[in-house]
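These notes concern the structure reproduced below.
4 protein chains.
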Amino acid sequence: MTGELLLPLRIYIEDTDAGRIVYHANYLKYFERARTEFMRAHGFGKGYIFSADMMFVVHSLSTEFLKPACLDDEVIATARIIKLGSASITFEQQLRRGEELLCRGEVCIACVDKQRMRAQRIPVEVMKTLSASI
Amino acid sequence: MTGELLLPLRIYIEDTDAGRIVYHANYLKYFERARTEFMRAHGFGKGYIFSADMMFVVHSLSTEFLKPACLDDEVIATARIIKLGSASITFEQQLRRGEELLCRGEVCIACVDKQRMRAQRIPVEVMKTLSASI
Amino acid sequence: MTGELLLPLRIYIEDTDAGRIVYHANYLKYFERARTEFMRAHGFGKGYIFSADMMFVVHSLSTEFLKPACLDDEVIATARIIKLGSASITFEQQLRRGEELLCRGEVCIACVDKQRMRAQRIPVEVMKTLSASI
Amino acid sequence: MTGELLLPLRIYIEDTDAGRIVYHANYLKYFERARTEFMRAHGFGKGYIFSADMMFVVHSLSTEFLKPACLDDEVIATARIIKLGSASITFEQQLRRGEELLCRGEVCIACVDKQRMRAQRIPVEVMKTLSASI
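Residue numbers (my numbering), protein chains in the order written: chain A, 203 to 336; chain B, 203 to 336; chain C, 203 to 336; chain D, 203 to 336.
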């Protein structure tokens, strides 16, 4: 698989708010769906996201909301890795409607041990596969 | 504690949809918050809802949406038990805005064992306390 | 189009709760996505759901939760009309995982005028098309 | 009112995910509730957030997730203005559990005209009141 995952999505009523546009926090859900599909496309499904001893959690993020997505829009959520640390993965993510960029963000995911929620090294097989995707 | 729990809530932008009213599925969230506070008021907090071996899950529900709740509304979610079975609890629930009834529902909660998700008897101490609330 | 719409969905982390299963209110979101696609498949997209003078809103519903949907599950949400009144539409809806029925519900949608939120007749062209789908 | 608004919140099951902690996007909901209460405390309720011609929308944000919030936690969401531009307001926001800082973020809100979603000057009376809060 090449570097960028593209996930087509439809905007439903549940996604909107009284401003008649998508509620801002919901963009983060689209980004997470795209990261999940990115990991799955690289062979790391549910088993890796919630394995026995480790877990991937969102560590930090930044987002710019450029144009609003609206009810019924067909959009594309994207995910690609821009930085791979020993215990963290940084994704660049976008929400696009055709040629228009609606929202972009960077999301840093940390690998933590499940008991104490402390940073731990990303498993070797994940590192190997993901570093080949950059 | 008497039979009915009253939980005051404020409607925020996250709760609304592009129809400018509260998104219908969100009423179920308010109902669950009220049930959680009902259980807590009777001495059964987090420990009981997710104990080592059993879990309470929603088994079935019915709801009528009478009038819409809107942004900024101050509403009251209510919970009271109307039926107590050996493995299930049925709540009558309302969402009110002042004197107006906006939504009413009945929600049946089942006690299940966590591994197989099969019905199991409600623990004796829960039965004792809850039956006194009816 | 025949009577039943089938919408394939993936369960993401956003859909789950601390019980490790899909949060009960989220099934209603899947049902609404399926109804929206049902209406779109019959030619009634966004324009009809939020037209200038009328709006479709959920009037009442009942649901049974038979088996839990879990993270990463691939499921099918369905929608088909079982009753068509002059001002309301009743859908039978299911969530299935392969052959398993996870959840079923009946959802009654009312046609209301936007200003006063009072029941009004469903537009003739909608009636004609939908009645052919039953 | 002094500069920082504190909004007490309870974490409910709807807020959590299968990782048994609060789903990351939900922190943004808590932040928005705190900003809404901040605006209301300064005299700007629903009328100002969705007035006839202008609307406040989230323009950009950054967040760090330091420690997870969990089911049943009692937390405090905070909002205070750290920068006031002619068409934007930047809030510093926190989620705290007692003395612990769980999450902090900066959220930049833009004032836009409702029709074209273009930046416009914040109304004078809002500017006057908010600048006194810094």
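Just so it is clear, CB atoms sit at the ideal spot from N, CA and C, and this is done for glycine as well.
Of the residues the options, which one's Cα is nearest the Cα of residue i?
i: M241 of chain A; options: A:S288, A:G300, A:R318 and A:E206; result: A:E206
i: R298 of chain A; options: A:A220, A:Q322, A:A236 and A:R222; result: A:A236
i: R282 of chain A; options: A:Q317, A:E216, A:N228 and A:L332; result: A:L332
i: K285 of chain B; options: B:R306, B:S335 and B:M257; result: B:S335
i: E327 of chain A; options: A:E308, A:F293, A:C305 and A:S288; result: A:S288
i: Q322 of chain A; options: A:H261, A:C305, A:E239 and A:H244; result: A:H261
i: I371 of chain B; options: B:L304, B:A312 and B:S290; result: An answer regarding residue 371 of chain B cannot be provided, because it is not within the stretch 203 to 336 covered by chain B.
So, for residue i: in the same chain, excluding its five sequence neighbours on each side, which residues have a beta-carbon less than 8 Å away from its beta-carbon?
i: R222 of chain C; result: C272 and L273
i: G247 of chain B; result: M241
Counting only the same chain and skipping the five closest in sequence on each side, list residues whose C-beta sits under 7 Å from that of residue i.
i: Y232 of chain D; result: L211, A279 and L297
i: G245 of chain B; result: T331
i: I215 of chain C; result: L273
i: R320 of chain D; result: V314
Cα separation between residue i and residue j?
i: F267 of chain A; j: C310 of chain A; result: 18 Å
i: A220 of chain D; j: D219 of chain C; result: 5 Å
i: E301 of chain D; j: A227 of chain D; result: 23 Å
i: D217 of chain C; j: Y225 of chain C; result: 6 Å
i: T265 of chain A; j: K330 of chain B; result: 51 Å
i: T238 of chain C; j: L209 of chain C; result: 10 Å
i: L263 of chain D; j: K269 of chain D; result: 19 Å
i: F293 of chain A; j: I324 of chain B; result: 46 Å
i: Q295 of chain C; j: Q295 of chain B; result: 23 Å
i: L230 of chain A; j: E234 of chain D; result: 15 Å
i: S250 of chain A; j: S290 of chain A; result: According to the sequence displayed, residue 250 of chain A carries Tyr and not Ser. Those two C-alpha atoms are separated by around 14 Å.
i: S253 of chain C; j: E308 of chain C; result: 25 Å
i: R306 of chain A; j: R306 of chain D; result: 20 Å
i: A312 of chain B; j: A312 of chain C; result: 31 Å
Using a Cβ-Cβ cutoff of less than 6 Å, which residues in the same chain neighbour residue i once the five nearest sequence positions on both sides are dropped?
i: V277 of chain B; result: L211, A271, L297 and R299
i: D275 of chain B; result: I213 and R299
Enumerated in chain order, which unbroken segments of the beta strand (DSSP E) with a length of 3 residues or greater are wholly contained in the segment 204-250 of chain A? 207-212
Does the count of Cβ pairs from the segment 256-263 of chain A and the segment 314-322 of chain A closer than 8 Å reach three? yes
Runs of beta strand (DSSP E) wholly within the segment 273-297 of chain A (minimum 3 residues, chain order): 276-286
Restricting to runs no shorter than 3 residues, where is the beta strand (DSSP E) found entirely within the segment 298-335 of chain C? 302-315
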